[in-house]
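*Asks:* In this note's numbering, the protein residues as written are 16 to 464.
The beta-carbon is built from N, C-alpha and C at its ideal position, and this holds for glycine as well.
1) Could you give the residue range of the beta strand (DSSP E) that holds residue 404?
2) Is residue 279 near residue 230, with beta carbons less than 7 Å apart?
3) With respect to the beta strand (DSSP E) encompassing residue 315, which residues constitute its N-terminal and C-terminal limits?
4) Evaluate the contact criterion for the stretch 397-409 versus the stretch 290-305: three or more CB pairs, one atom per stretch, below 8 Å.
5) Which of the three DSSP states, helix, strand or coil, is assigned to residue 440?
6) What is the rounded straight-line gap between the Cα of residue 450 and the Cα of residue 318?
7) Which word fits residue 76, buried or exposed, when buried means at least 16 other C-beta atoms lie within 10 angstroms of its C-beta?
8) Run the CB neighbour count on residue 299, radius 10 Å, all protein chains shown included, and call it buried at 16 or more, exposed below.
9) According to the neighbour-count rule (16 or more other Cβ atoms, all chains shown, within 10 Å of its Cβ), is residue 368 buried or exposed?
10) What does the alpha-carbon distance come out to for the pair residue 374 and residue 392?
11) Between residue 439 and the rest of its own chain, which residues show a CB-CB distance below 8 Å, the 5 nearest in sequence each way excluded?
12) Starting from residue 253, trace the beta strand (DSSP E) in both directions and tell me its first and last residue.
13) Give me the residue from 225, 366 and 210 with the minimum Cα distance to residue 218.
14) Does the separation of the CB atoms of residue 274 and residue 253 fall below 7 Å?
15) Tell me whether the beta-carbon of residue 251 lies closer than 7 Å to the beta-carbon of residue 221.
16) CA-CA distance, residue 215 and residue 409?
17) Helix, strand or coil, according to DSSP, for residue 376 in the structure here?
18) Roughly how many angstroms separate the alpha carbons of residue 212 and residue 307, rounded to a whole number?
19) Measuring alpha carbon to alpha carbon, tell me which of 235, 295, 237 and 248 ends up nearest residue 198.
20) Determine the contact status of residue 247 and residue 339, defining contact as a CB-CB distance below 7 Å.
21) Which residues in the same chain have their Cβ closer than 7 Å to the Cβ of residue 426, if we skip the five residues on either side of it in sequence?
22) For residue 471, count neighbouring C-beta atoms within 10 Å of its own C-beta (all shown protein chains included) and say buried if the count is 16 or more, exposed if not.
23) Contact check, residue 485 vs residue 283 under 8 Å by CB: the rounded distance?
24) My understanding is that residue 468 touches residue 257, with C-beta atoms under 8 Å, so please give their C-beta distance in whole angstroms.
25) Distance check for residue 249 and residue 361, CA to CA, integer angstroms please.
26) Can you give me the C-alpha to C-alpha distance between residue 413 and residue 387, rounded to a whole angstrom?
27) Which of helix, strand or coil does DSSP assign to residue 237?
28) Taking residue 406 as the reference, which of 356, 366, 364 and 344 has the closest Cα?
29) Quick check on residue 352: buried or exposed, where buried means 16 or more other Cβ atoms within 10 Å of its Cβ?
30) If we ignore side chains and look at the alpha-carbon of each, how far apart do residue 366 and residue 404 end up?
31) Can you pull the DSSP bridge partners for residue 344?
32) Considering only residues of the same chain and omitting the five flanking positions on each side of residue 241, which have a CB-CB separation below 7 Å?
33) Per DSSP, what are the beta-bridge partners of residue 280 in this structure?
34) Report the residue from 255, 267 and 429 whose alpha carbon sits nearest the alpha carbon of residue 286.
35) Is there a Cβ of chain B sitting closer than 7 Å to that of residue 379, yes or no?
36) Please state whether DSSP places residue 381 in a helix, a strand or coil.
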C-alpha cells in the first residue's frame, strides 16, 4: 500500500494515517493433523499498524455516528411535514367543490396559523371532523395533529367532510357534538357599522347576503340590479363573508371593499360547512350595530329579491313579533347516510323529524328575536345545516313562530312577468339572469296585474 488512507463523509476528507513506509507481509500456514492447527503470522512494523488501526476505528466510529444522526434528523423532518403534504393532497382532490378557504383578512396581522385536526367524538355516529385554525399554542383535544400552515402556500379547498373555523384568539377542543359556542369566535374583522346609522332606528329593513369570497360576479350583479335599493335611507343591503386563505382573492376583496364598502367580514373560514357560523355572525352583527331595525332578511348571492314586494310585505306585517317568515319545510327527516352532504348524526340530532323550518335561500326575521336566536344558537349542538339549525331547532326551542309566506318562492321558477312581479325571492339565479329579471321586474309593473 502506498499513499494515505482517506475517508470521505459529509463533503469532508479525513486523512488519518500514512502507509508509505509500512510493509506488512502475511504468511499463513494451516496445518491440520486432526489434533492441532498451526498459524504463523509474520508482520513488520507491528506497533505502527496497531496505532493506525485504532485511529481508523475511532474515525469510523465518529463517521458512523454522524451518518446515523443525520439520517435521524432528516427522517424526523420528513415526518414532521408529512401531515401537511397529505392535507395539501386532500385539498387538491376536492378542488371541484364550492367550498372556498382562501386568505385571512389583511387586518389579521399574523402570518401563519396552526392547523389542529380533532378526532371524531363518536366514530359510530359521527362522520365529520371540525378543524380549528388558531394563532394560540394552547389547545385541548382528544386527539390532535398540529401542523404549521403557511398562508402564502395554501390556495386549495378542504375535504368536504372537514368543517373549518378560523379562531384568531384561542384554540379550542372541537368535536361533532360541541355547542356552537365552542367553535364560534365573536366579532367582525370588517364591521362597517356606518351602514346602519343610529342602530337602524329609522330603517325598515336590512338585507344581509351570504356570499363566498370568490363570488365577485354575483355580488356585482346584485349591486347593479336589485341592490340599488340599498341607497334608500330605510334599507341597507350588505354582504357577509368569512376569511379566505388565498392572498390573491383577499387583495380583490380589499379592492372591492374600498370601492363599495358593503362587505362585512366575520371571524370564520368561509366554507359550506361553516354556513351556520356565517348565520350566527349575521345575528351578532345585527344585534351589535343594527338592533333597532324592524326586519332582517337573510339571503344568498344566487337569489333575486323583489325589494318593492318585500317592503309591501313588511308594511302588512309591521306589528308582528317573534316570527320568521319564509318557505316552510314541514316534517323533514334527518339524513343518516354518512356519504350525504346533508348527513346528520344521532349525536347531533336524535329526533326522527326536524322541527318545521324556513328554507335557507331567503327568510325574514322580526328584529326582536335576533338577540334571542344569537344567544340560544351558541348553546345549541352545532349543525352545519344552517336553516334547520337556526330557524328550526333553535327557533323551536325558543317558541318562535315560523310562518309560511307564499311570496317566498326560494326555488327556480319560470321567469314570466307575473311570477317575477308577485314573488319576493327567486332561487338559483345566474349572473346574466339577474339583469334579465331586473328588467322584467321594472317592465312588469305596467304589464302584470
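*Replies:* From the atom records:
1) Counting along the chain, residue 404 falls outside any beta strand (DSSP E), and DSSP gives it neither H nor E.
2) Their beta carbons are not under 7 Å apart, which means residue 279 does not touch residue 230 by this criterion.
3) Taken as a continuous stretch (DSSP letters only), the beta strand (DSSP E) holding residue 315 covers 310-315.
4) Three or more beta-carbon pairs separated by less than 8 Å link the stretch 397-409 to the stretch 290-305, which places the two stretches in contact.
5) Note: residue 440 maps to strand in three-state DSSP.
6) Each residue's Cα considered, the two are about 12 Å apart.
7) Classification of residue 76: exposed, given that the 10 Å Cβ count is below 16.
8) It is buried - the Cβ of residue 299 has at least 16 other Cβ atoms within 10 Å.
9) Residue 368 is exposed by the Cβ-count criterion.
10) Between the alpha carbons of residue 374 and residue 392 lies a gap of roughly 17 Å.
11) Counting only Cβ-Cβ distances below 8 Å, and skipping sequence neighbours, we find 320, 321, 324, 325, 328, 377, 420, 422, 423 and 424.
12) Residue 253 -> beta strand (DSSP E) spans 250-258.
13) In this structure, 210 is the residue among 225, 366 and 210 with its C-alpha nearest to the C-alpha of residue 218.
14) One thing to note: residue 274 has its Cβ no nearer than 7 Å to the Cβ of residue 253.
15) Yes, the pair counts as a contact, with Cβ atoms nearer than the cut-off.
16) When the Cα atoms are used, residue 215 and residue 409 turn out to be separated by approximately 25 Å.
17) It is a strand residue.
18) Computed Cα separation, rounded: 10 Å.
19) Among 235, 295, 237 and 248, the Cα nearest to that of residue 198 is on 295.
20) Contact annotation: residue 247 and residue 339 have beta-carbon atoms that are not nearer than 7 Å.
21) Spatial neighbours of residue 426 in its own chain (CB-CB distance under 7 Å, excluding positions within 5 residues in sequence) are listed in chain order as 442.
22) Past the boundaries of the shown model lies residue 471; the chain is included only from 16 to 464, so the question cannot be answered.
23) In this structure the chain extends from 16 to 464, so residue 485 is not present and cannot be described.
24) With the chain running from 16 to 464 in the structure shown, residue 468 is simply not present.
25) Computed Cα separation, rounded: 44 Å.
26) Rounded to the nearest angstrom, the gap between the Cα atoms of residue 413 and residue 387 is 8 Å.
27) Residue state, collapsed to three classes: helix.
28) Minimum Cα-Cα distance from residue 406 among the listed residues 356, 366, 364 and 344 corresponds to 344.
29) Under this definition residue 352 is an exposed residue.
30) The straight-line gap separating the alpha-carbon atoms of residue 366 and residue 404 is approximately 13 Å.
31) Paired residues: 372.
32) If we look at residue 241 and ignore the five residues flanking it on each side, its Cβ neighbours are 319, 320, 322 and 453.
33) DSSP output for residue 280 lists 205 and 256 as bridge partner(s).
34) Proximity to residue 286 across 255, 267 and 429 peaks at 255, based on C-alpha coordinates.
35) The structure shown contains no chain B, having only a single protein chain.
36) In this structure, residue 381 counts as strand in the three-state DSSP scheme.
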